[in-house]
Amino acid sequence: MSKSARVKDKWRSKKWYTVVAPPYFGSVEIGSIPADDPQKILGRVVESTLYDITEDFAHQYLKTYFQVIGIDGRRALTIFKGHEYSRDYLRSLVRRKTTRVDGIVNVTTKDGYKLRVAACAFTTTRIKTSQEREIRAIMRKIIEEKAKTLTFDQFVQEAVLGKIASDIYNEAKKITPLRHVGIRKSKLLSKPELQELKVEEKPESHAENIAMPVSSSNEDKEDEETFNEEDEQP
């Protein structure tokens, strides 16, 4: 058998699986993955944009990452893995004679998920170092308070869709006028031990329940200083 024939047969044996966002992002379709064995899809990270979820062109700048954690028929079920501003969008926010303030916070949600969250603020004029510290303290305070009171699903919704950024803006603008405030990046560091994916039972459904162990401590060793716009995807 020729090499081209073997390659053709290999692709013919593959099936396409539709990747869907988690329920807290509407369970919308965000892509497709070919595989000859559904087990090979588990753990794969799929990149999308917030526009693919909301269909709002204003959200094209925000990349989202979802990790496949279960298979339900031909659907690949996912969990939110992280998000980030596109590099072009982040560069477009920079202006001369203004200040960029960054705040990076590690938090644990009410239901035990650990995340690293990076907030950013862009002022309309240059500000003092003391004012930067005040804005950074506000970022930390609001992000930590949100994590303590919200579940993982609720927290990532507010981080990605702008609610947390809006709360930071409303407090930080009392210190100095601001041009932009946002959660520019987030990353899921670990899940609660033996977090299990619950799939709604359907007639003739062969959904798999996958036990997800807590991530190893090595995943948590990323330096906060390297958690910036030049990072690779979460």
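If you're matching positions, the sequence shown starts at 702 in the numbering used here and goes up one per residue. The C-beta atom is built at its ideal place from N, Cα and C for all residues, glycine as well.
Leu-890 sits close to Arg-817, with the two beta carbons spaced by under 8 Å. Inclusion of Gly-804 and Arg-834 in the CB contact set at 8 Å is not warranted, their separation being larger than that value.
In the three-state reduction of the DSSP assignment, Ile-865 falls in the helix class. When only Cα atoms are considered, Val-769 and Ile-839 end up about 34 Å apart.
Annotated three-state conformation of Arg-827 is coil, per DSSP. The alpha-carbon of Glu-872 is positioned some 12 Å away from that of Ile-844. Ala-860 and Asp-854 have their C-alpha atoms roughly 10 Å apart.
For Thr-755, the enclosing alpha helix (DSSP H) begins and ends at 751-755. Judged by beta-carbon spacing, Phe-781 lies within the 8 Å limit of Pro-723, meaning their Cβ atoms are closer than that value. Considered as a whole, the region 839-892 harbours 879-891 as its complete beta strand (DSSP E) runs of no fewer than 3 residues, in chain order.
Counting only the Cα atoms, Ala-820 lies some 9 Å from Ile-869. Shown here for Ser-887: same chain residues with a beta carbon closer than 8 Å to its own, the five before and five after excluded, namely Gly-783, His-784, Glu-785, Leu-816, Arg-817, Val-818, Ala-819, Val-857, Ala-860, Val-861 and Pro-935 in chain order.
Taking a 10 Å sphere around the C-beta of Ser-749, we find 16 or more other C-beta atoms and assign the residue as buried. Ile-734 is bridged by DSSP to Tyr-718. Listed in chain order, the non-local C-beta contacts of Lys-875 below 6 Å within the same chain number zero, local neighbours out to five positions each way being set aside. Lys-847 counts as buried, since no fewer than 16 other beta carbons sit within 10 angstroms of its beta carbon. Looking at the DSSP output, Arg-776 sits in a beta bridge with Thr-719 and Asp-773. DSSP places Glu-785 in the strand class (E or B) of the three-state scheme. C-alpha of Ile-734 to C-alpha of Leu-791: approximately 30 Å in a straight line.
In the DSSP assignment, Arg-801 is bridged to Phe-823. Here Thr-779 is buried. Its C-beta has 16 or more other C-beta atoms within 10 Å. The C-alpha of Tyr-766 lies about 14 Å from the C-alpha of Ser-728.
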